[in-house]
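See below for the structure under consideration.
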Amino acid sequence: MTVQPIRLFGDPVLRTPADPVVDFDVELRRLIADLTDTMRGQNGAGLAAPQLGVSLRVFAFDVDDVLGHLVNPVLEFPDEEEQDGPEGCLSIPGLYFDTKRRQNVIAKGFNGYGDPLQIVGTGLMARCVQHETDHLDGVLFLDRLDAAGRKEAMKAIRQAEWYDAAAPPVVKINPHAGGSPFGLGR
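The sequence shown lines up with residues 1 to 186 when you count with UniProt numbering.
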């Protein structure tokens, strides 16, 4: 269990869909511990395995004094209610942009031992679960911004102290079918 370096915007692993976890073993539990330690060391609300360079579908979270993790998450949305507010990312440090998300989510998956787990989230927890699941799909919250928001975000990123111009950024338009910013056809 150690704090690991976080991959920054421009690293291809952040744009690659992660593989499902098939082995619920000590290595997975070590990864979960590393995710948790790294997230807490950076005062983050969530951290997905690709942000540590590991292409597996697992993330850790620490929201409203609820600390946990979820393996192989599948999201369900019980209603159409939305929230819009500032969102940031440990892989895009120090920058926050208003991002629309669903207000409520039900996330189903597993714990580190393969036992079924369900998270029912609203507000910040719902935002975190959606953000981290996006990471597992190779999607960054920047992809959820409208064209003007993406332009503003890219300008801020290029001006950021940590930005590496040698690693050209990839910005995607919302990759989900149906044109919905939530991956759901309406």
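Ideal Cβ positions, reconstructed from N, Cα and C, are used throughout, including at glycine.
| Asked | Found |
| --- | --- |
| Test: Asn111 CB closer than 7 Å to a CB of chain B | Note that chain B does not occur in the displayed structure, where there is just one protein chain. |
| 7 Å Cβ cutoff met for Gly10 and Asp164 | yes |
| Three-way DSSP call (helix, strand, coil) for Ala45 in this model | coil |
| Of the residues Phe110, Asp98, Ala126, the one placed nearest Leu142, counting alpha carbons only | Asp98 |
| Local Cβ density within 10 Å of Glu76, reported as buried at 16 or more and exposed below that | exposed |
| Proximity to Phe61 [Cα-Cα], best of Arg102, Phe24, Ala107, Gly85 | Ala107 |
| First and last residue of the uninterrupted beta strand (DSSP E) at Gln118 | 116–122 |
| Residue of Ile119, Asp64, Pro93, Ile32 minimising C-alpha distance to Pro78 | Ile119 |
| Residues bridged to Leu104 [DSSP beta-bridge criterion] | For the sequence presented, residue 104 should be read as Asn rather than Leu. Beta-bridge pairing links Asn104 to Thr122. |
| Spatial distance of Pro5 from Tyr96 (CA atoms) | 21 Å |
| The alpha helix (DSSP H) enclosing Gln159, as first and last residue numbers | 147–159 |
| Three CB pairs or more closer than 8 Å across the stretch 131–138 and the stretch 35–44 | no |
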